[in-house]
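Numbering (the working numbering), first residue to last: 3 to 118. Following: one structure in structure tokens, then a few remarks.
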């Protein structure tokens, strides 16, 4: 885990009272996404983003969920944390994914072969 991201994650988790024990980076491209297994939750670290836009994203997804649309929701009780001028962290509900079965893997292979 890059030191600056680890520091941002630790700062945001401490600020919101979210347990970062065992944090694992599961995606890193334009944003860093961490699984926080002790909660369980997801932390998304955005750099260079506008916090107002991130808040709007949280508001819209919470509204969609309230309207019965299947959407990932902000983690209840955890707000957006502006770590510094260019880094913000949002917390999201984690939905465990089932391990793919052998049947699922066969379907993926078959689809992959038909696309090639």
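Beta carbons are placed, not taken as given, at the ideal position from N, Cα and C, and that holds for glycine. Keep in mind that this is a model prediction, so the values were computed, not measured.
If you reduce the DSSP assignment to three classes, tell me which class residue 62 lands in. Position 60 of the chain shown, counted from the first residue, corresponds to residue 62. Helix.
So what's residue 26 in DSSP terms, helix, strand or just coil? In the chain shown, residue 26 corresponds to position 24, counting from 1. In the structure shown, residue 26 sits in a strand (DSSP, three-state: E or B).
Between residue 111 and chain B, is there a C-beta pair that is closer than 8 Å? The structure shown has no chain B; it contains just one protein chain.
Tell me the DSSP bridge mates of residue 49? To locate residue 49, count along the chain shown from 1; it is residue 47. BP columns for residue 49 point to 89.
Assign residue 84 to one of three DSSP states: helix, strand, or coil. Within the chain shown, the letter at position 82 stands for residue 84. Residue 84: strand per DSSP, three-state reduction.
Residue burial classification, residue 65 (beta-carbon count within 10 angstroms, cutoff 16): Taking the first residue of the chain shown as 1, we reach residue 65 at position 63. Exposed: under 16 other Cβ atoms inside 10 Å.
Starting from residue 37, trace the alpha helix (DSSP H) both ways and give me its first and last residue. For the purposes of this step, residue 37 is taken as residue 35 along the chain shown, with counting starting at 1. Here residue 37 belongs to no alpha helix (DSSP H); instead the beta strand (DSSP E) covers 33–38.
C-alpha gap between residue 86 and residue 67, whole angstroms: Translated into positions along the chain shown, residue 86 becomes position 84. Translated into positions along the chain shown, residue 67 becomes position 65. Cα-Cα distance, rounded: 30 Å.
In whole angstroms, what is the alpha-carbon distance linking residue 45 and residue 56? In the chain shown, the residue the question calls residue 45 occupies position 43. In the chain shown, the residue the question calls residue 56 occupies position 54. Cα to Cα, the separation comes out at about 13 Å.
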